[in-house]
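Residue numbers (mature numbering (1 follows the signal peptide of the UniProt record, and there is no 0)): -23 to -1, 1 to 296. Ideal Cβ positions, reconstructed from N, Cα and C, are used throughout, including at glycine. Computed from a predicted structure; not experimentally measured.
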C-alpha cells in the first residue's frame, strides 16, 4: 500500500461500516502497565477540549509520571502543530484536508494517522418555545447560506416562512463557529453543500457559547456539537432525503450513521510506518478505549467507538 494511503487505511473502513456496530459493546476494564512516562502535548479541537482534559486527568491519576500540556484553539491548529513538532497528539472534529495530508507527507515522508476516538454529530438547536421540530436539508441551507447550493428556492430569514411556525413572529437569529473549527468546516461541507455562510451568522468561540446564546434569545438557531446539548434548548430532527422521514440526533441514530450529520472525533498522531505508536501515546489511546474511558465519553455527551472498532484500530497502531 502506498504511504499516502495510510490515512485511509485507519479511517475509511470505519466510516463505511458506521452502521455495522449498533449494540452497546462493553469495553474491557483498563489495566495499568509499568514504565509509562513522558509528555503528551495536545493541540487541536476546542469541541473536544473537555473530553481530552478529563481523559488526561484520569490517565494522569494512573500514571503520575506522564505530563500533559493541553491547548484547544480549533481543529485547524492540529496539523501544523504536529508538523512543527509542537504537539504529540492533535484532537480533530473532522478529517484531514488533502492539503494537510500533503504538508505532513512532505515533512516526514509518510502519511499522518487519524485515530477515531468517539462519535459525535453536528446538531441544530433552537429555543424551547420554537414550534419547529424538524427541517429539510434545503431549508437549513436556505436559513444559513447565501448561495443555497443545496437547492433552496429562496432565503429563509423568518420563522413564519416555515410550515408550522407561521405564528412564531421572530426573525431567525443565527449562531455558528469560526473558520478554524472543524465543526464549521463540516457544517459548510455537509449541510451547506460547500456553499457560503450568510454574513449575519454570528461566529462564536465554542459550541457551549452557541447553545447558551440560542437558549437566551427567542427565534435563535445555531449549530454545535451534539455533546453540548442542555435543558435550555431543543434539538431539531433533519430530513436529508425526501423519501425518508426526518431523523432525530439520538445516540442510536448517530452510532448507526442514520442521522446525516454524524461524525467521528479523532486524534491525529505521527506513527512511523511498520513501527508501533510509542508510549505514552499508545497507552493513552488504550485508556480512551477502555471501560473507564468509555464512561468518560458517555458522561461528556459523546458516543464511545465500540469494542469492535477500537480493537481494530489498536491492532493497526501496535503494528
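Looking at C-alpha atoms only, which residue of 148, 68, 178, 152 is the closest neighbour of residue 47?
As a position in the chain shown, residue 47 is number 70, starting the count at 1. Among 148, 68, 178, 152, the Cα nearest to that of residue 47 is on 68.
Residue 173 versus residue 72 - alpha carbon distance:
Here residue 173 refers to the residue found at position 196 when the chain shown is read from its first residue. Here residue 72 refers to the residue found at position 95 when the chain shown is read from its first residue. Approximately 20 angstroms, taken between the alpha carbons.
Between the beta-carbon of residue 232 and the beta-carbon of residue 280, is there less than 7 angstroms?
Position 255 of the chain shown holds residue 232. Position 303 of the chain shown holds residue 280. One thing to note: residue 232 has its Cβ within 7 angstroms of the Cβ of residue 280.
Given residue 211 as reference, the closest of 222, 133, 199 once Cα atoms are compared
Along the chain shown, one-based indexing puts residue 211 at 234. The candidate whose alpha carbon is nearest that of residue 211 is 199.
Going straight from the alpha carbon of residue 103 to that of residue 149, what length do you get?
Translated into the one-based positions of the chain shown, residue 103 becomes position 126. Translated into the one-based positions of the chain shown, residue 149 becomes position 172. Looking at the two C-alpha atoms, the distance is approximately 10 angstroms.
So is residue 267 buried or exposed if we call it buried at 16+ other beta carbons inside 10 Å?
Counting from 1 along the chain shown, the entry for residue 267 is found at position 290. Flag for residue 267 reads buried.
Is DSSP giving residue 271 helix, strand or coil here?
Position 294 of the chain shown holds residue 271. Under the three-state reduction of DSSP, residue 271 is assigned to helix.
Looking at the structure shown, is residue 59 part of a helix, part of a strand, or coil, going by DSSP?
Here residue 59 corresponds to residue number 82 of the chain shown, with the count starting at 1. In the structure shown, residue 59 sits in a helix (DSSP, three-state: H, G or I).
Distance CB(residue 184)-CB(residue 201) smaller than 7 angstroms:
Here the question's residue 184 lines up with position 207 in the chain shown. Here the question's residue 201 lines up with position 224 in the chain shown. Result yes, Cβ atoms of residue 184 and residue 201 sit closer than 7 angstroms.
How far does the alpha helix (DSSP H) with residue 117 in it extend, from its first residue to its last?
Along the chain shown, read from residue 1 onward, the residue named residue 117 stands at position 140. Start and end: 114 to 121.
First and last residue of the uninterrupted beta strand (DSSP E) at residue 85:
The residue you call residue 85 lines up with position 108 of the chain shown. Under the DSSP assignment, residue 85 falls outside any beta strand (DSSP E), being part of the alpha helix (DSSP H) whose first and last residues are 75 to 85.
Compare the beta carbon distance of residue 254 and residue 294 with 7 angstroms and say whether it is the shorter of the two.
For the purposes of this step, residue 254 is identified with residue 277 of the chain shown, where counting begins at 1. For the purposes of this step, residue 294 is identified with residue 317 of the chain shown, where counting begins at 1. Yes, these two residues count as a Cβ contact at 7 angstroms.
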